[in-house]
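Asks: Dropping a structure here in structure tokens format, bear with me for questions.
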Amino acid sequence: MTASSVAIYKSLGLHTVVAALLLISVSFSPDPLPSLPSNAPLIEATFIDAQKIADTKRAQAQAEAQARAKEAERQRKAQEAAAQKRQQALAAKRAKAEREAKAAEAKRQKELERLAAQKEKERKEREAREKAEALQKEKDAKEKAEMERIMQEQLAQEQAAQQARRRKQVLTEVERYTALIQQTIKRNLYYDDSFEGKVCRLNIKLATTGFVTSIRVLGGNDALCRAAESAVRRAEELPVSTAPDVYEQLKDINLKVEL
Numbered sequence: 002m003t004a005s006s007v008a009i010y011k012s013l014g015l016h017t018v019v020a021a022l023l024l025i026s027v028s029f030s031p032d033p034l035p036s037l038p039s040n041a042p043l044i045e046a047t048f049i050d051a052q053k054i055a056d057t058k059r060a061q062a063q064a065e066a067q068a069r070a071k072e073a074e075r076q077r078k079a080q081e082a083a084a085q086k087r088q089q090a091l092a093a094k095r096a097k098a099e100r101e102a103k104a105a106e107a108k109r110q111k112e113l114e115r116l117a118a119q120k121e122k123e124r125k126e127r128e129a130r131e132k133a134e135a136l137q138k139e140k141d142a143k144e145k146a147e148m149e150r151i152m153q154e155q156l157a158q159e160q161a162a163q164q165a166r167r168r169k170q171v172l173t174e175v176e177r178y179t180a181l182i183q184q185t186i187k188r189n190l191y192y193d194d195s196f197e198g199k200v201c202r203l204n205i206k207l208a209t210t211g212f213v214t215s216i217r218v219l220g221g222n223d224a225l226c227r228a229a230e231s232a233v234r235r236a237e238e239l240p241v242s243t244a245p246d247v248y249e250q251l252k253d254i255n256l257k258v259e260l
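Taken in order, the sequence shown gives residues 2 to 260; the numbers are from my numbering.
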């Protein structure tokens, strides 16, 4: 209850008490009332004014109550509108947050898909590269093996050719040194006409210096063989090659002495 309502009620109560006192004083007075002056309707006017004031106060109270009710309704509606606005703002914020979360999740998923696709691409490229490298290594190995085989064949052929050439050279050298040995023996041989047409076969062993380490008669004319053996001993050293492979053919040589 507002202060204006209390004031109205106090005013109405005061007027009611005053009116009651006037009625009691009129009803219980022992003396007859004096005659009223010409302005006798004063009491009635007073009651009419009080009623009017009460009606005015009541109307004013009703107007104030209605105004307060309207204000309360306005405030209620404003509060409801504010609450609704806050709810809408919260809903919009939640919706925005959900949209942002969905967008972030979609972006994350897209990035994961991109990374997965990139890794898959890199894996395929790596596998293709490794496969190509393996094929290239296999090809290189085959080519290398083939080249090595060809080179080995060429080397074997060259070695065989060299060996053949060397064998030929050795034989030539052996023949040459054999001829030189024979010539040395003949130079140291005491000649006798009886040796004409005769043959003697000897086995001679030589040191690397050409020193004669052994003489053995293999057969032939006895006189010529004795003379040939003596000729070898007189020579002491015979021509021999310093080439190891040639010496191998000369260190234990069978030769024929004939005149």
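Heads up, the beta-carbon is just placed ideally off N, CA and C, and yes, glycines get one too.
Note that the structure is predicted; figures quoted are calculated from it, not measured.
#1: For residue 171, which residues from the same chain have a beta carbon less than 8 Å from its beta carbon, with the 5 sequence-adjacent residues on both sides left out?
#2: For residue 37 and residue 71, I'd like the C-alpha separation in whole angstroms.
#3: Are there three or more Cβ pairs, one per stretch, closer than 8 Å when the stretch 225-237 is compared with the stretch 185-202?
#4: Tell me the DSSP secondary structure of residue 260 in three-state form.
#5: Tell me residue 206's beta-bridge partners as DSSP assigns them.
#6: Report the CB separation of residue 181 from residue 203 in whole angstroms; it is logged as a contact under 8 Å.
#7: Alpha carbons only, please: which of 258, 254, 158, 98 is nearest the one belonging to residue 223?
#8: Alpha carbon to alpha carbon, how far is residue 164 from residue 197?
#9: Relative to the alpha-carbon of residue 199, which residue among 260, 147, 209 has its alpha-carbon at the smallest distance?
#10: Excluding five sequence neighbours on each side, which residues of the same chain lie with their C-beta closer than 7 Å to the C-beta of residue 240?
#11: On the criterion of 16 or more Cβ atoms from any shown chain inside 10 Å, does residue 151 qualify as buried, or is it exposed?
#12: How many angstroms separate the CA atom of residue 87 from the CA atom of residue 52?
#13: If we count the other Cβ atoms within 10 Å of its Cβ and call it buried at 16 or more, is residue 153 buried or exposed?
#14: Is residue 215 buried or exposed, if buried means 16 or more other CB atoms sit within 10 Å of its CB?
#15: Can you tell me which of the three DSSP states residue 101 falls into?
#16: Just to confirm before moving on: does the CB-CB distance between residue 213 and residue 237 stay below 8 Å?
#17: So is residue 207 buried or exposed if we call it buried at 16+ other beta carbons inside 10 Å?
#18: Could you give the DSSP three-state label for residue 238: helix, strand or coil?
#19: Assign residue 195 to one of two classes, buried (16 or more other C-beta atoms within 10 Å of its C-beta) or exposed (fewer than that).
#20: Can you check whether the CB of residue 254 is closer than 8 Å to the CB of residue 233?
#21: Using 10 angstroms around the beta-carbon of residue 256, count the other beta-carbons present and answer buried if the total reaches 16, otherwise exposed.
Replies: Concretely, from the data shown:
#1: 244, 246, 247, 250
#2: The predicted position of residue 37 is uncertain, since its pLDDT is 47 and thus under 50; a value taken from the coordinates is nonetheless stated next. Approximately 50 Å between the Cα atoms of the pair.
#3: yes
#4: coil
#5: 215, 253
#6: Going by Cβ atoms, the distance from residue 181 to residue 203 rounds to 15 Å, so no, they are not a contact pair.
#7: 258
#8: 40 Å
#9: 260
#10: 178, 181, 182, 185, 211
#11: exposed
#12: 50 Å
#13: exposed
#14: exposed
#15: helix
#16: yes
#17: buried
#18: strand
#19: exposed
#20: no
#21: buried
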